[in-house]
Amino acid sequence: MPGMGDMAFVEAYQPLLEKHQQAVAIVMHTTSMSSVDLGRIKSLPVAGLVSKPHTKEKLDTILQLHL
Numbered sequence: 001m002p003g004m005g006d007m008a009f010v011e012a013y014q015p016l017l018e019k020h021q022q023a024v025a026i027v028m029h030t031t032s033m034s035s036v037d038l039g040r041i042k043s044l045p046v047a048g049l050v051s052k053p054h055t056k057e058k059l060d061t062i063l064q065l066h067l
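Okay, here's the thing in structure tokens:
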């Protein structure tokens, strides 16, 4: 996202997520496995975390869980 990182987006979007929790599922996709980033992600209202690279199986799992 130009001008805003993924975690910053979720933090800014959080008030809307709290209002519409059942309508939105955010799944974070990351290459970072740093404990700082993982700790920050765990503090966010996200439905899941998927490590890159993506595979068909990972994407199928996301769709099955959240659609």
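Number 15 in UniProt numbering belongs to position 15 of the sequence shown; there are no gaps in the numbering. The beta carbon of each residue, even a glycine, is placed where N, CA and C say it ideally should be. Since we're looking at a predicted model, the values are computed, not measured.
Under the three-pair Cβ rule at 8 Å, the region 56-65 does not count as touching the region 33-43. Exclusion of the five residues before and after GLU11 leaves LEU44 as the residues of its chain whose Cβ lies within less than 8 Å of its Cβ.
In its own chain, leaving out the 5 sequence neighbours on each side, no residue places its CB closer than 6 Å to the CB of ALA8. DSSP links GLY48 through a beta bridge to VAL27.
Under the three-state reduction of DSSP output, HIS54 falls in the coil class, being neither helix nor strand.
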